[in-house]
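Novice: Taken in order, these protein sequences are the chains called A and B.
Mapping of the first sequence onto this note's numbering: position 24 corresponds to residue 24, and the numbering continues sequentially without gaps.
Each number in this note's numbering corresponds to the 1-based position in the second sequence with 1000 added.
There are 2 protein chains.
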Amino acid sequence: MELKLALIGFGVVGRGFTGILIRKRDYLLSKYNLRVRVVGICDLKYGSVVNSEGLDIIKALEVVRSGKSLEKEFDGVKGLGAVEFIDVSNADVVVEATWTNLETGEPGLTHIKKALSSGKHVITTNKGPIALAYRELSSLARSKGVKLLFSGTVMSGTPSIRTLIRGLAGCYVSEVAGILNGTTNYILTKMEEGLTFNEALRDAQMKGYAEADPTMDIDAWDPAAKIVILANIAFDSDLKPKDVIRKGIRDIKLDNIKDALRRGKRIKLIARAWVDGNTVKAKVTPEEVDINSFFGQVTGTVNAVMYRTDSLGDVYLIGRGAGGEEAGQAILADLIELNSILEESKLLTSR
Amino acid sequence: MELKLALIGFGVVGRGFTGILIRKRDYLLSKYNLRVRVVGICDLKYGSVVNSEGLDIIKALEVVRSGKSLEKEFDGVKGLGAVEFIDVSNADVVVEATWTNLETGEPGLTHIKKALSSGKHVITTNKGPIALAYRELSSLARSKGVKLLFSGTVMSGTPSIRTLIRGLAGCYVSEVAGILNGTTNYILTKMEEGLTFNEALRDAQMKGYAEADPTMDIDAWDPAAKIVILANIAFDSDLKPKDVIRKGIRDIKLDNIKDALRRGKRIKLIARAWVDGNTVKAKVTPEEVDINSFFGQVTGTVNAVMYRTDSLGDVYLIGRGAGGEEAGQAILADLIELNSILEESKLLTSR
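(1) For Leu29 of chain A, which of helix, strand or coil comes out of DSSP?
(2) Within 8 Å (strictly less), CB to CB, does Asn181 of chain A reach chain B?
(3) Beta carbons nearer than 9 Å to chain B: which residues of the segment 270-294 of chain A have them?
(4) When you compare each of A:Leu168, A:Asn339, A:Phe197, A:Trp221 to Phe235 of chain A by their alpha carbons, which one comes out closest?
(5) Can you pull the chain A residues whose beta carbon is under 9 Å from the beta carbon of Ala1333 of chain B, in chain order?
(6) Quick one, are the C-beta atoms of Met1191 of chain B and Phe1197 of chain B less than 8 Å apart?
(7) What are the boundary residues of the alpha helix (DSSP H) that Pro214 of chain A is part of?
(8) Three-state secondary structure (DSSP) at Met1306 of chain B?
(9) Where do the ends of the beta strand (DSSP E) carrying Gly1319 of chain B lie?
(10) Around the C-beta of Asn1181 of chain B, are 16 or more other C-beta atoms found within 10 angstroms, so that it is buried, or is it exposed?
(11) Under three-state DSSP, which class holds Ser160 of chain A?
(12) For Val305 of chain A versus Met155 of chain A, is the C-beta distance shorter than 8 Å?
(13) Can you give me the C-alpha to C-alpha distance between Ile86 of chain A and Glu1343 of chain B, rounded to a whole angstrom?
(14) Compile a chain-ordered list of the residues in the segment 1335-1346 of chain B whose CB is closer than 9 Å to at least one CB of chain A.
(15) In terms of alpha-carbon separation, which member of A:Asp251, A:Ser118, A:Glu287 lies closest to Lys144 of chain A?
(16) At a Cβ threshold of 8 Å, is Val1012 of chain B touching chain A?
(17) If I'm right that Glu175 of chain A touches Arg308 of chain A with Cβ under 8 Å, what's the distance once you round it to whole angstroms?
(18) Excluding sequence positions up to five away, which residues of its chain have a Cβ less than 7 Å from the Cβ of Ala231 of chain A?
(19) For chain B, find out if any of its Cβ atoms is closer than 8 Å to the Cβ of Ile187 of chain A; answer yes or no.
(20) Anything in chain B within Cβ reach of Asp314 of chain A, meaning under 8 Å, just list it in chain order.
(21) Could you tell me the distance, in whole angstroms, from the CA atom of Ile233 of chain A to the CA atom of Lys1242 of chain B?
(22) With a CB to CB cut of under 6 Å and the five nearest residues on each side skipped, what residues in its chain are close to Leu1102 of chain B?
(23) Could you name the residues of the same chain whose beta carbon sits closer than 8 Å to that of Asp314 of chain A, not counting the 5 residues immediately before and after it, in chain order?
(24) Return the Cβ separation of Arg1166 of chain B and Arg166 of chain A in integer angstroms, given the expectation that the two are a contact with Cβ distance under 8 Å.
(25) Residues in the same chain with beta-carbon distance under 7 Å from His1121 of chain B, minus the five sequence neighbours each way, listed in chain order, please.
(26) Go through the segment 1222-1299 of chain B residue by residue and report every complete run of the alpha helix (DSSP H) that reaches 4 residues or more, in order.
(27) Could you give the DSSP three-state label for Gly152 of chain A: helix, strand or coil?
(28) Got a sec? Which residues, its chain only, sit under 6 Å from Ile130 of chain A by beta carbon, not counting five neighbours each side?
(29) For His121 of chain A, write down the residues that DSSP places opposite it in a beta bridge.
(30) Can you give the beta carbon distance from Lys4 of chain A to Val49 of chain A, rounded, assuming they're within the 8 Å contact cut?
(31) Compute every distance between the C-beta of Leu317 of chain A and the non-hydrogen atoms of the ligand NAP, then say whether any falls below 7 Å.
(32) Hey, which unbroken runs of the alpha helix (DSSP H) at 4 residues or more fall wholly within the segment 42-67 of chain A?
(33) Leaving aside the five residues before and after Gly9 of chain A along the sequence, list all residues of the same chain whose C-beta is less than 7 Å from its C-beta, in chain order.
(34) Starting from Gly178 of chain A, follow its DSSP beta bridges and name the residues at the other end.
(35) Quick check on DSSP: helix, strand or coil for Val390 of chain A?
(36) Indicate whether at least one CB of chain B lies closer than 8 Å to the CB of Lys24 of chain A.
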């Protein structure tokens, strides 16, 4: 079917997704019977435009690449803030890809609530709202009969969330553990090569893996949010990022790394959530793991997650955890799932 | 909703699945709104009984455990062969878990065709029919408006197929590679500990990992069927097991293993499928892999698969690949997916 999309946030992720839509247009139609019309783009930097006829997304990428404003280059309803933008767009799906705020979830939280309340499906890669308000948002979505999909919030396009929800459907999960932050894993890998923490951090910043303010990563806020998201799905809990015991990698010395290596170990920043009696606990801390283990082999910016289950034992999923293309793929997989649900509902009821 | 199931094959897999249904009855209802009624069991050894009121599955397991016949212990229509059994049962879903035959696919192939033709959904763990006739069967299912689910055919409950179809939806996959046979991987691991091939094989047979006639495993027919199943999904191809270049582990000597280890390598039986120009190729052969790699860390009966994709690079999934409980979990995950599709179709069309 054709799905009308409104994109909020046209940064690395929104543009990564748009690039895939352009490249895979024919493939999506032939393989998934999915046709996408982008009826609006709303971005703090590049402006906001709604046009129910559909926007030329090739042109949109070019406009933004050359640093121009969308509002100057497109016809339609322009200049709306995100909330009005959602109202005015007649989109079926709102794609929320603004920046992460782990204290308030804003502005993403407001966007998602607004979209769901208006009966629009939501796909988001924004960790903040999901880590802070998953229970509230999923209940809102259910009550409105729409879908909230957010597979890009953990490990980006590597399908950690879909594996948990769909792949392991029916399993009891007793523990989730993972290397969920590529920046810190890259730094730890570089330290094994002999760089000090500060040198490795600078290297990560130069390569674009770490932000100028690296607090979210190295103080483990980012993996804390991610383990909260996974835990709340796995255990039907209502953890918040502040509930996570959290110790980053700031204090790890080169000597610690070398000493571990001599003993056949690597220091990894491991996020972990488990059931302890009637409560769910979570922590993100540096742990020593055997080099001869799956986590021990996860180096550089690669991520990994392990689900401990009743029927299957430990199941590992390993892959990239960040990037515009990767997050764009996460949005696409969500969109295909949504389309397939909508298609199935047509097919099966027409029998 | 309630789904009525007819089980064909009540061996390790059928009973593993039934055991899970018993243990998770309340959980399946509360979490997935799934209620299961087993309206028939058909097994060559234990007999065949249909009762649309539903069979007491706790009793069925006990009857079979004590070596008795189901036909003597249950009321209902008895003694039907599988094809008539499918006809007479008013099941929504036929669960096909008979033995694997990679030459003809029988008798599973006939059962699956019959069930789909009668408008029944099919869930199977039987590699034969899917490896030999996936295209034909999926087209039959589509034409009848029913679902054919078979996630237990590769890596058992570890969701290799669902990850490929759902998790990586939208990705272009250019290569699939895996350690898809636990028996041979166990033998190779034991040989690293110093056992000869024959000693390791006997050990695997004593532990129940290898059959009395181990040809399917050690001559690589089993992983050949599995790579065919994955390749045909990934590449929309129509490969057959006989198209796979196949070399088992029979000729591997202890010296080969030791020599590889000295060079930091392990010998693994790797199944691989890839696109070569306009054709899809597949092989299963012993390969040397780095100990310091994900495949290199896969020891004992554990399985692993790697999908090489455009947007995400290499994605690895690692977990157990066999066992009655594990295959039962695969059937359960399929059943939950089916139930969710049927539920969604009700929910979304009532909006």
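Ideal placement from N, C-alpha and C gives every residue a C-beta, glycine not left out.
Specialist: Looking at the atomic coordinates:
(1) helix
(2) Using a CB distance cut-off of 8 Å, Asn181 of chain A does not count as an interface residue toward chain B.
(3) Ile291, Asn292, Ser293, Phe294
(4) A:Leu168
(5) Arg166, Gly167, Leu168, Ala169, Gly170, Cys171
(6) yes
(7) Per DSSP, Pro214 of chain A belongs to no alpha helix (DSSP H) and is neither H nor E.
(8) strand
(9) 1313-1320
(10) buried
(11) helix
(12) yes
(13) 29 Å
(14) Taking 9 Å as the Cβ-Cβ cut-off against chain A, the residues of the segment 1335-1346 of chain B that qualify are Leu1335, Ile1336, Glu1337, Ser1340, Ile1341, Leu1342, Glu1344, Ser1345, Lys1346.
(15) A:Ser118
(16) no
(17) 4 Å
(18) Val176, Ser237, Leu239, Ala273, Val280, Ala282
(19) no
(20) Gly1319
(21) The alpha-carbon separation between Ile233 of chain A and Lys1242 of chain B amounts to approximately 43 Å.
(22) Same-chain partners within the cutoff: Gly1128, Trp1221, Ala1225, Pro1241.
(23) Met306, Tyr307, Arg308
(24) 5 Å between Cβ atoms; contact.
(25) Within the same chain, and ignoring the five residues on either side of His1121 of chain B in sequence, the residues whose Cβ sits closer than 7 Å to its Cβ are Asp1092, Val1093, Val1146, Lys1147, Leu1338.
(26) 1254-1262
(27) helix
(28) Phe150, Thr153, Ile229
(29) A:Val93
(30) Not really, about 14 Å apart at Cβ, beyond 8 Å.
(31) The ligand NAP is not part of this structure, which contains no ligands at all.
(32) 57-65
(33) Residues Asp43, Glu96, Ala97, Thr98 of the same chain have their beta carbon placed closer than 7 Å to that of Gly9 of chain A, with the five preceding and five following residues left out of the count.
(34) A:Ala271, A:Val305
(35) Coverage of chain A is limited to positions 1 through 351, which leaves residue 390 of chain A absent and any answer about it impossible.
(36) yes
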